[in-house]
Structure formats: structure tokens, C-alpha cells
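S.K.: Let me begin by handing over the structure; questions about it come next.
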Amino acid sequence: MAKISVSLPDPQKERLDAHVAAHPGTTASETVQKALEQYLDHPAPTPPPPPPPKGADHDARAYLEQLAVQVEMMRRSMQPVMPVPYPLPPPSWYQPKSAEASWPPLTDMKGKRKKTPPRK
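Counting from 1, position 85 in the sequence shown corresponds to residue 700 in our numbering; the numbering is continuous, with no gaps.
Here it is in C-alpha cells:
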């Protein structure tokens, strides 16, 4: 069995000592082993994403999303006839509404899914 050295703040060491004293037959090593095993077997859940912003920040983000849609539509329309730049990467704050959602979210200015017109 491997041995490790762990630094604990004084208050945490006092709590460990109190736990060992309250449970005869248990050592500090066993208590730390069980705590580490529980921690590693059951990691903390991923926190939920932050709620969407309100006010001016929300308006700016909505505007940038629509601007990205326009850039992507122009990029796709030019692609058959000339080299085009790579697609814009999603911003760090972008949260897709579903697993199938893509960036940029191809919608019209009213928030509805954009339909591709038939080719002539």
C-alpha cells in the first residue's frame, strides 16, 4: 500500500481528530481513505449553465448572433464560386438550445428557422 503526505488546515485536522475520537477503532488514515474513495467515485455534478443575460447585454448578444447568421449565409452563398474564409467559431458565452443546435444558429430576424430558397 502506498503512503502519501497531505497538508490540512488546522481546523480540518481538528475535525478529523474529533471524528476519529468519536468513532473508536477508526483511524485517521481509514477516514481519509473512505472520504477520498467517495469523492472519486461520485464527483460533483457539473453546475448548470448561467441564466441568459437580461437588458443591454442580452440585446448585444442577440445582435451578434444575428450578425453571425448573416455572415454565415453570405459565406455559404459565395462558397460555390470562390474561396471563402472559415466559419466563425462560437463565442464563449453561446449556449446551444439543444444537442442538435449548430453555430451560428441559422434563423431569420424573427427567430424562426431560415428556409433555403429553391435553386433556379
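Glycine included, every Cβ here is placed at the ideal spot set by N, Cα and C.
Note the first and the last residue of the continuous alpha helix (DSSP H) segment covering residue 679.
M.R.: Taken as a continuous stretch (DSSP letters only), the alpha helix (DSSP H) holding residue 679 covers 671 to 693.
S.K.: Would DSSP call residue 701 helix, strand or coil?
M.R.: Residue state, collapsed to three classes: coil.
S.K.: Helix, strand or coil for residue 626, going by three-state DSSP, please let me know.
M.R.: Here residue 626 sits in helix by DSSP.
S.K.: Look at the alpha carbon of residue 724 and the alpha carbon of residue 679, and state the distance between them as a whole number of angstroms.
M.R.: Any reading at residue 724 must be qualified, since the residue scores a pLDDT of 49, below 50, and its modelled position is unreliable; the value itself is stated next. Going by the C-alpha atoms only, they are around 12 Å apart.
S.K.: In or out: residue 719 buried (at least 16 other Cβ within 10 Å) or exposed?
M.R.: With 16 or more other Cβ atoms within 10 Å, it is buried.
S.K.: Going straight from the alpha carbon of residue 686 to that of residue 704, what length do you get?
M.R.: Roughly 12 Å separates the two Cα atoms.
S.K.: In three-state terms, what does DSSP make of residue 647?
M.R.: Residue state, collapsed to three classes: helix.
S.K.: In angstroms with no decimal places, state the Cα-to-Cα distance between residue 717 and residue 662.
M.R.: In a straight line, the C-alpha of residue 717 is about 22 Å away from that of residue 662.
S.K.: Given 8 Å as the limit, is there contact between the stretch 686 to 703 and the stretch 670 to 678, that is, 3 or more CB pairs closer than that?
M.R.: No: the two stretches stay apart, fewer than three of their Cβ pairs being nearer than 8 Å.
S.K.: According to DSSP, simplified to helix, strand and coil, what is residue 654?
M.R.: Of the three classes helix, strand and coil, the one that applies to residue 654 here is helix, per DSSP.
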